[in-house]
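Visitor: Take this structure, written in structure tokens, and hold onto it; I'll ask about it next.
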Amino acid sequence: GYKSNNQADLNIDYNSLNGYVGSLSYAINTPYPDYESIGVKVNGEYQQLNSNILQIENEFYSTVRPKQIIQPCEKPTLALKRRGVRYVEIRSLDLDLFNPIGIDADRARFIEALLLSCLVQKSPEIHAEDSATHNANQLKVAHAGRQPDVTLIKDQQSVCLKDWAHEILDKVQPICDILDADESDNYYNQALQAQRKLVDNPDLTPSARILSGMRTAKQSFSPFADTLSQQHTANFTQHKLNAADTLKFNQMASDSHTNQQDIEDNDTLEFDAFLSKYFSQQ
Numbered sequence: 014g015y016k017s018n019n020q021a022d023l024n025i026d027y028n029s030l031n032g033y034v035g036s037l038s039y040a041i042n043t044p045y046p047d048y049e050s051i052g053v054k055v056n057g058e059y060q061q062l063n064s065n066i067l068q069i070e071n072e073f074y075s076t077v078r079p080k081q082i083i084q085p086c087e088k089p090t091l092a093l094k095r096r097g098v099r100y101v102e103i104r105s106l107d108l109d110l111f112n113p114i115g116i117d118a119d120r121a122r123f124i125e126a127l128l129l130s131c132l133v134q135k136s137p138e139i140h141a142e143d144s145a146t147h148n149a150n151q152l153k154v155a156h157a158g159r160q161p162d163v164t165l166i167k168d169q170q171s172v173c174l175k176d177w178a179h180e181i182l183d184k185v186q187p188i189c190d191i192l193d194a195d196e197s198d199n200y201y202n203q204a205l206q207a208q209r210k211l212v213d214n215p216d217l218t219p220s221a222r223i224l225s226g227m228r229t230a231k232q233s234f235s236p237f238a239d240t241l242s243q244q245h246t247a248n249f250t251q252h253k254l255n256a257a258d259t260l261k262f263n264q265m266a267s268d269s270h271t272n273q274q275d276i277e278d279n280d281t282l283e284f285d286a287f288l289s290k291y292f293s294q295q
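Quick note: the sequence shown uses my numbering, first residue 14, plus one each step.
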């Protein structure tokens with residue numbers, strides 16, 4: 014995904030909503046010299062929206078972002094400030110390349126249980142040095158997570174990734190037990206056990222399966238992914254929509270185009286004026 018180098022030094026505050034909004038607002042209102050040298054509107058053409066560290070809030074890329082549904086022409090930071098957190102956007106999840114819809118029920122249940130576990134646990138404040146450690150850990154897991162005996166830094170001490178992963182899964186266990194309390198199939202515990210198997214045997218992880226598939230097919234990643242994509246397409250084309258659903262979706266598409274046209278027909282604000290109005294919000 015996209016990541017600009019100027020974000021490396023950003024220290025966004027996750028300890029409180031006000032802190033998050035304040036630190037993100039600083040980034041979208043503070044000029045960045047390299048961007049200033051480009052200019053904003055040159056010879057009548059926009060080169061960029063502005064010359065700040067972040068031009069808009071959505072340019073901030075992180076693993077987690079608190080979100081609120083915005084009103085027309087409302088800045089995301091103001092939406093959060095005015096109405097609080099509506100939902101949390103988890104951005105570090107990858108689609109399952111082998112699943113036609115990108116995720117299965119087990120994974121969805123585990124994610125639900127994991128996030129609920131995070132919600133009910135104590136959350137110590139995160140300081141700048143903690144953020145640096147977290148980022149380094151994340152990078153190490155991404156680059157070397159399947160290597161045996163890989164270690165991370167936790168509470169200023171070295172800890173085995175596998176041990177830490179099981180510690181986290183142990184904390185998710187009570188949540189799974191609660192979610193399974195009225196179910197005889199224990200779906201959430203099954204989902205948890207599936208993740209434990211991945212921790213104990215990295216060869217079962219999605220990344221290992223992809224590498225194995227590439228070796229078997231003698232393909233690099235892009236052709237291998239394209240082959241799987243074509244297989245998924247063929248799978249979906251075998252399932253035809255009935256007449257009623259086809260009519261419903263066609264009508265939804267038509268209504269969407271009509272609504273778009275109505276919005277555009279009623280939009281009389283020039284782009285310069287729109288930008289000025291948008292960025293002047295406090």
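From the three backbone atoms N, C-alpha and C, an ideal C-beta is built for every residue, glycine too.
Note down, one range per segment and in chain order, each alpha helix (DSSP H) of at least 4 residues found wholly within the segment 184 to 220.
Guide: With a minimum length of 4 residues, the continuous alpha helix (DSSP H) runs that stay inside the segment 184 to 220 are 200 to 213.
Visitor: Which one or two residues does DSSP pair with Asn-65 in a beta bridge?
Guide: Position 52 of the sequence shown holds residue 65. Beta-bridge pairing links Asn-65 to Pro-44.
Visitor: Determine, using beta carbons only, whether Thr-90 and Glu-72 come nearer to each other than 8 Å.
Guide: On the sequence shown, position 77 is the one that residue 90 refers to. On the sequence shown, position 59 is the one that residue 72 refers to. Not a contact, by the Cβ cut-off of 8 Å.
Visitor: Locate the beta strand (DSSP E) running through Glu-307, then write down its first and last residues.
Guide: There is simply no residue 307 to check, as the chain begins at 14 and stops at 295 in what is shown.
Visitor: Beta-carbon separation of Asn-24 and Ala-141 under 8 Å?
Guide: For the purposes of this step, residue 24 is taken as residue 11 along the sequence shown, with counting starting at 1. For the purposes of this step, residue 141 is taken as residue 128 along the sequence shown, with counting starting at 1. Closer than 8 Å, so yes.
Visitor: For Ser-130 versus Ile-188, is the C-beta distance shorter than 8 Å?
Guide: As a first step, residue 130 must be located in the sequence shown, where it is residue number 117. As a first step, residue 188 must be located in the sequence shown, where it is residue number 175. Yes, these two residues count as a Cβ contact at 8 Å.
Visitor: If you draw a straight line from the C-alpha of Gln-232 to the C-alpha of Thr-240, how long is it?
Guide: Here residue 232 corresponds to residue number 219 of the sequence shown, with the count starting at 1. Here residue 240 corresponds to residue number 227 of the sequence shown, with the count starting at 1. Near 10 Å, if we compare the C-alpha coordinates of Thr-240 and Gln-232.
Visitor: Do three or more CB pairs link the segment 174 to 181 to the segment 152 to 165 at distances below 8 Å?
Guide: A contact exists between the segment 174 to 181 and the segment 152 to 165.
Visitor: Check whether the segment 110 to 120 and the segment 72 to 86 touch, using three or more Cβ-Cβ pairs below 8 Å as the test.
Guide: No, because fewer than three Cβ pairs between the segment 110 to 120 and the segment 72 to 86 fall closer than 8 Å, the two stretches do not touch.
Visitor: Might you give, ordered along the chain, the residues of its own chain that have their beta carbon closer than 8 Å to the beta carbon of Leu-128, omitting 5 neighbours on each side?
Guide: Here residue 128 refers to the residue found at position 115 of the sequence shown. These residues qualify, in order along the chain: Val-101 and Ile-103.
Visitor: Taking C-beta to C-beta, are Val-53 and Ser-38 nearer than 8 Å?
Guide: Counted from its first residue, the sequence shown places residue 53 at position 40. Counted from its first residue, the sequence shown places residue 38 at position 25. Cβ distance not < 8 Å, so Val-53 and Ser-38 don't count as in contact.
Visitor: Between Ile-51 and Gln-60, what straight-line distance do the alpha-carbon atoms span, to the nearest angstrom?
Guide: Counting from 1 along the sequence shown, the entry for residue 51 is found at position 38. Counting from 1 along the sequence shown, the entry for residue 60 is found at position 47. Using only the alpha carbons, I get a separation of about 7 Å.
Visitor: Under DSSP, the alpha helix (DSSP H) around Val-133 begins and ends at which residues?
Guide: Taking the sequence shown and counting its residues from 1, one reaches residue 133 at position 120. Segment 118 to 133, the alpha helix (DSSP H) holding Val-133.
Visitor: What separation, rounded to the nearest whole angstrom, lies between the Cα atoms of Asn-255 and Gln-243?
Guide: On the sequence shown, position 242 is the one that residue 255 refers to. On the sequence shown, position 230 is the one that residue 243 refers to. The alpha-carbon atoms of Asn-255 and Gln-243 are separated by roughly 23 Å.
Visitor: When the Cα of Ile-276 is compared with those of Pro-85, Phe-234, Asn-202 and Ala-21, which residue comes out closest?
Guide: Translated into the one-based positions of the sequence shown, residue 276 becomes position 263. Considering only alpha carbons, the answer is Pro-85.
Visitor: Can you tell me which of Lys-88, Glu-49 and Val-34 puts its alpha carbon nearest to the alpha carbon of Ser-289?
Guide: Position 276 of the sequence shown, counted from the first residue, corresponds to residue 289. The shortest Cα separation from Ser-289 among Lys-88, Glu-49 and Val-34 belongs to Lys-88.
Visitor: Out of Asp-107, Pro-113, Val-133 and Gln-274, which one is the CA nearest neighbour of Thr-250?
Guide: For this step, residue 250 is matched to residue 237 along the sequence shown. Cα-wise, what sits closest to Thr-250 is Pro-113.
Visitor: Considering only DSSP beta bridges, list what Lys-54 is partnered with.
Guide: Taking the first residue of the sequence shown as position 1, residue 54 is located at position 41. Tyr-59, per the DSSP bridge assignment.
Visitor: Check for me: the alpha helix (DSSP H) holding Arg-78 runs from which residue to which?
Guide: Walking along the sequence shown from the start, residue 78 turns up at place 65. Segment 77 to 80 is the beta strand (DSSP E) holding Arg-78; no alpha helix (DSSP H) there.
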